[in-house]
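Undergrad: Start counting the sequence shown at 6; every next residue gets the next number (our numbering).
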Amino acid sequence: MKGEIIAIGDELTSGRIMNTTSGFAARKLFDAGYTIHAMSTIGDTPLLIGEALLRAIKRVDFIIVTGGLGSTDDDLTNVAVSLALDRPTMPNLEILAKIRSHLSSENQSPDSPLEKLAWLPGGAEAFDPHSRIAGYQIIHDETPIFFLPGVPSEMQQLMSEAVLPRLAAWEAGSQLRTCQRIYKIFGIPETRVNKMIKDINLPEEISIGYYPVFPDVHLSLLVRGTNRAVSKSLFNESCRKVENVLEPAIYGSDRDDLETIVGTLLQEQELSLAVAESCSGGLLSHRITRIPGSSNYFFGGAITYSNEMKQDMLGIDQALIEMHGAVSREIALAMASKMRERSKADVAMAITGIAGPGGGSTEKPVGTVFIAISGKNISDVTLCQFSGSRHRIQTLSAHTALNILRLFLVQNNKKICV
Numbered sequence: 006m007k008g009e010i011i012a013i014g015d016e017l018t019s020g021r022i023m024n025t026t027s028g029f030a031a032r033k034l035f036d037a038g039y040t041i042h043a044m045s046t047i048g049d050t051p052l053l054i055g056e057a058l059l060r061a062i063k064r065v066d067f068i069i070v071t072g073g074l075g076s077t078d079d080d081l082t083n084v085a086v087s088l089a090l091d092r093p094t095m096p097n098l099e100i101l102a103k104i105r106s107h108l109s110s111e112n113q114s115p116d117s118p119l120e121k122l123a124w125l126p127g128g129a130e131a132f133d134p135h136s137r138i139a140g141y142q143i144i145h146d147e148t149p150i151f152f153l154p155g156v157p158s159e160m161q162q163l164m165s166e167a168v169l170p171r172l173a174a175w176e177a178g179s180q181l182r183t184c185q186r187i188y189k190i191f192g193i194p195e196t197r198v199n200k201m202i203k204d205i206n207l208p209e210e211i212s213i214g215y216y217p218v219f220p221d222v223h224l225s226l227l228v229r230g231t232n233r234a235v236s237k238s239l240f241n242e243s244c245r246k247v248e249n250v251l252e253p254a255i256y257g258s259d260r261d262d263l264e265t266i267v268g269t270l271l272q273e274q275e276l277s278l279a280v281a282e283s284c285s286g287g288l289l290s291h292r293i294t295r296i297p298g299s300s301n302y303f304f305g306g307a308i309t310y311s312n313e314m315k316q317d318m319l320g321i322d323q324a325l326i327e328m329h330g331a332v333s334r335e336i337a338l339a340m341a342s343k344m345r346e347r348s349k350a351d352v353a354m355a356i357t358g359i360a361g362p363g364g365g366s367t368e369k370p371v372g373t374v375f376i377a378i379s380g381k382n383i384s385d386v387t388l389c390q391f392s393g394s395r396h397r398i399q400t401l402s403a404h405t406a407l408n409i410l411r412l413f414l415v416q417n418n419k420k421i422c423v
């Protein structure tokens with residue numbers, strides 16, 4: 006199913022407030038397998054709101070409208086809907102009773118502007134008449150239209166609790182069936198992924214999307230059809246082709262993240278991990294411990310930023326640092342092996358590099374990073390040449406370290422296992 010998102014509010018069109026609701030809605034809908042045909046931002050002008058609604062009804066399967074549902078004079082969405090769709094407003098008695106009860110308990114006037122919240126376009130179904138969050142649904146010309154508040158936290162709650170379940174039920178009652186998967190890829194640029202997918206000639210029924218989501222590339226495969234069995238068979242065969250050509254760059258799909266994948270692999274192989282970090286400043290440890298239950302496999306980490314800390318905490322020989330420099334293959338490997346030795350972990354990772362913006366040289370420019378892994382029967386160092394801001398280089402360093410560990414766990418676990 007394809008949809009359209011319409012955000013309403015003069016505060017958005019004037020640039021006073023950033024429109025975050027449309028982006029959130031689009032991401033949630035995309036993750037659920039829906040395609041967004043268009044997004045627009047419109048001021049609090051009933052005529053323009055009505056025109057946008059009528060245009061959307063003709064070209065999409067569902068519509069999300071955010072903003073303009075409040076009790077102030079500039080909240081005009083309900084007026085616009087009433088005029089454009091010829092649905093005179095009428096009071097929702099449950100909402101009205103709730104408002105009046107609240108006004109009475111607060112000793113406020115019964116003709117409060119809050120009563121405006123109870124007047125909805127004809128045929129509107131309030132998501133929850135007893136909730137303090139305004140929101141409703143209208144089915145017009147066989148098109149479901151969802152009206153949500155513009156307040157981001159309220160809109161996000163209703164997207165998850167009201168809109169997505171109703172959309173799923175609506176789709177289940179239609180003849181159209183959707184299959185979708187989002188592959189998460191690291192280490193291959195978007196242009197190369199695009200070429201590799203083109204070369205395997207996926208069926209024209211498969212809709213393909215490429216989305217750079219730093220530091221990954223996300224590849225979306227989607228198929229829609231009226232015959233569920235045929236669509237599923239076509240989809241599964243296409244997924245197999247994609248996985249064959251892109252492995253091992255694919256580290257997961259849909260809601261997977263790299264640190265969870267790594268943690269699962271460590272637990273499956275009953276291995277423990279420790280890390281030593283320099284230029285990444287603890288970001289690798291943060292990524293690992295972000296996952297609940299990481300204490301089952303993560304022994305700990307050390308941020309040995311200075312040469313003195315590398316010597317004191319890890320026991321690295323000062324002469325080795327003076328000979329090769331703190332940013333070197335030799336020091337990265339020494340950090341990993343010493344960390345493994347002192348922590349008693351099965352596997353240790355180490356990162357040392359130059360995150361910038363200063364500190365680089367012709368021989369070792371900013372972005373030079375060495376990532377080492379040490380296990381009972383394995384020791385290896387990877388030289389990376391990153392570019393960009395300090396934050397970008399640190400993020401890439403931690404992400405690459407996790408991916409190196411993942412690849413070793415997947416491909417070389419016999420060498421690592423003790």
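Glycine included, C-beta positions come from ideal geometry on N, C-alpha and C.
Pick helix, strand or coil for Leu224, following the three-state DSSP scheme.
TA: Strand at Leu224.
Undergrad: Roughly how many angstroms separate the alpha carbons of Ser87 and Thr94, rounded to a whole number?
TA: One C-alpha to the other measures close to 6 Å.
Undergrad: Quick one: what does DSSP say Phe67 is sitting in, helix, strand or coil?
TA: Three-state result, Phe67: strand.
Undergrad: From which residue to which residue does the beta strand (DSSP E) around Lys343 run?
TA: Note, Lys343: premise wrong, no beta strand (DSSP E); alpha helix (DSSP H) at 334-348.
Undergrad: Report the option in Ala123, Ser333, Asp79, Tyr256 whose CA atom is closest to the CA atom of Phe191.
TA: For Phe191, the nearest C-alpha among the options comes from Tyr256.
Undergrad: Is the separation between the beta-carbon of Phe152 and that of Thr82 shorter than 8 Å?
TA: In this structure, Thr82 lies closer than 8 Å to Phe152 by Cβ.
Undergrad: What residue ranges within the segment 87-170 form continuous alpha helix (DSSP H) runs of no fewer than 4 residues, ordered along the chain?
TA: Whole alpha helix (DSSP H) segments, 4+ residues: 98-110, 157-163.
Undergrad: Taking all protein chains shown into account, do 16 or more other C-beta atoms lie within 10 angstroms of the C-beta of Ile421, making it buried, or fewer, making it exposed?
TA: Its pLDDT being 48, under 50, Ile421 is placed unreliably by the model, and the measurement read from it follows with that caveat. When all chains shown are included, Ile421 counts as buried.
Undergrad: Answer with buried or exposed for Lys315, where buried requires no fewer than 16 other C-beta atoms within 10 angstroms of its C-beta.
TA: With 16 or more other Cβ atoms within 10 Å, it is buried.
Undergrad: Pick out whichever of Val65, Glu56, Ala37, Asn24 has its Cα sitting closest to the Cα of Thr46.
TA: The shortest Cα separation from Thr46 among Val65, Glu56, Ala37, Asn24 belongs to Asn24.
Undergrad: Would you please state the rounded distance, in angstroms, between the beta carbons of Ser402 and Ser285? I believe it to be under 8 Å.
TA: Right, their Cβ atoms sit about 5 Å apart.
Undergrad: Ignore the nearest five residues each way along the sequence and tell me which others in Val267's own chain have a CB closer than 6 Å to its CB.
TA: If we look at Val267 and ignore the five residues flanking it on each side, its Cβ neighbours are Leu407, Leu410, Arg411.
Undergrad: Which of the three DSSP states is assigned to Glu210 in this structure?
TA: Of the three classes helix, strand and coil, the one that applies to Glu210 here is coil, per DSSP.
Undergrad: Starting from the C-beta of Pro253, find all residues in its chain whose C-beta is less than 8 Å away, skip the five residues before and the five after it, and write them out in chain order.
TA: Leu412, Val415, Gln416.
Undergrad: I'd like the list of long-range same chain contacts for Trp175, defined as Cβ closer than 6 Å, with 5 residues on each side in sequence excluded.
TA: If we look at Trp175 and ignore the five residues flanking it on each side, its Cβ neighbours are Pro149.
Undergrad: Whole angstroms are fine: how far does the CA of Asp133 sit from the CA of Pro220?
TA: So the alpha carbons of these two residues sit roughly 40 Å apart.
Undergrad: For the putative contact between Gln390 and Gly372, defined by C-beta atoms under 8 Å, what is the C-beta separation to the nearest angstrom?
TA: The Cβ separation is near 6 Å, so the contact holds.
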